[in-house]
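Working notes, beginning with the structure itself.
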Amino acid sequence: MIYSFRNSGFRDPETGVYNQTYFMEVFNREWHRHIRDNQSLALLYLYPHIRETRKHPGLMEMLSKELEKALLRSSDMIARMNNECFALGLFNIDTEGTAVVANRIEENIRGFIKRFDKDPSIQMNYKLAACICAPNRDKRIEKLFVNTETMAKMLVQEKDKHSVMENLQ
Numbered sequence: 001m002i003y004s005f006r007n008s009g010f011r012d013p014e015t016g017v018y019n020q021t022y023f024m025e026v027f028n029r030e031w032h033r034h035i036r037d038n039q040s041l042a043l044l045y046l047y048p049h050i051r052e053t054r055k056h057p058g059l060m061e062m063l064s065k066e067l068e069k070a071l072l073r074s075s076d077m078i079a080r081m082n083n084e085c086f087a088l089g090l091f092n093i094d095t096e097g098t099a100v101v102a103n104r105i106e107e108n109i110r111g112f113i114k115r116f117d118k119d120p121s122i123q124m125n126y127k128l129a130a131c132i133c134a135p136n137r138d139k140r141i142e143k144l145f146v147n148t149e150t151m152a153k154m155l156v157q158e159k160d161k162h163s164v165m166e167n168l169q
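Counting in the UniProt record's numbering, the final residue of the sequence shown is number 169, and the numbers go up one at a time with none missing.
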């Protein structure tokens, strides 16, 4: 990816998706809008375990493009939280809609893996966790992030799995 100063404030330079700072700012703004409009939202954490080699540089960038294809609504967003995790924000969505998006993400990942299936140097698996929440003044946004991360870590023993938790308490 060619680095652009025009996007340097809110884009991850390696993958081209939003960075953590911008994602947190937008997610916080959406959280408060969803309180006002009495709508639900979802936070997804994706932990792709992918090993890049010299033979195949830029795999994370190619994976992030596949993930962006899974988000069909312009209001949904994806960001790279750190070297190990992507976060996806799905706004004005319910449990069924979140499950549809999670399945679409998994289909895109399987297609991505299949393209490199014949190359044994490429190894990839993933974990995907989603929490759905109807924000209100009694709920804390931090708890949504902590619960989503905790749920993703509980999937550590299992490969290529996703989990969806509804109704953050």
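For each residue, glycine too, the CB sits at the ideal point set by N, CA and C.
In the DSSP assignment, what are the bridge partners of P48?
In the DSSP output, where bridge partners are listed per residue, P48 has Y126.
Alpha carbon to alpha carbon, how far is L43 from R137?
Approximately 18 Å, taken between the alpha carbons.
Below 8 Å on the Cβ atoms is my guess for L155 versus L90; work out the distance and round it to an integer in Å.
Going by Cβ atoms, the distance from L155 to L90 rounds to 19 Å, so no, they are not a contact pair.
Sorted by chain position, which residues of the same chain lie with C-beta nearer than 8 Å to V17's C-beta, five sequence neighbours on each side aside?
Taken in chain order, the residues that qualify are R11, S64, L67, E68, I78, A79, R80 and F86.
Check for me: the beta strand (DSSP E) holding I141 runs from which residue to which?
Unbroken run through I141 is the alpha helix (DSSP H), I141 to M154; no beta strand (DSSP E).
Rounded to whole angstroms, what is the Cα-Cα separation between H32 and P135?
About 8 Å.
What would DSSP say about R115, mapped onto helix, strand or coil?
If DSSP states are grouped into helix, strand and coil, R115 belongs with the helices.
Less than 8 Å between the CB atoms is what I'm expecting for L72 and L46, so what's the real figure, rounded?
About 17 Å separates the two Cβ atoms, so there is no contact after all.
Who are the Cβ neighbours of E30 in its own chain at under 8 Å, not counting the five residues just before and after it?
The residues are L41, G89 and F91.
Taking Cβ to Cβ, would you say L128 is nearer than 8 Å to E96?
No, the Cβ-Cβ distance between L128 and E96 is not below 8 Å.
Using a threshold of 8 Å, state whether the C-beta atoms of T98 and A130 are closer than that.
Yes, the pair counts as a contact, with Cβ atoms nearer than the cut-off.
Considering only the alpha carbon of each residue, which of R104, F27 and V101 lies closest to F145?
Residue F27 is the option with its Cα nearest to F145.
Let me confirm a value: D119 is counted as buried when at least 16 other C-beta atoms fall within 10 Å, else exposed. Which label applies?
Answer is exposed; the Cβ neighbour count stays below 16.
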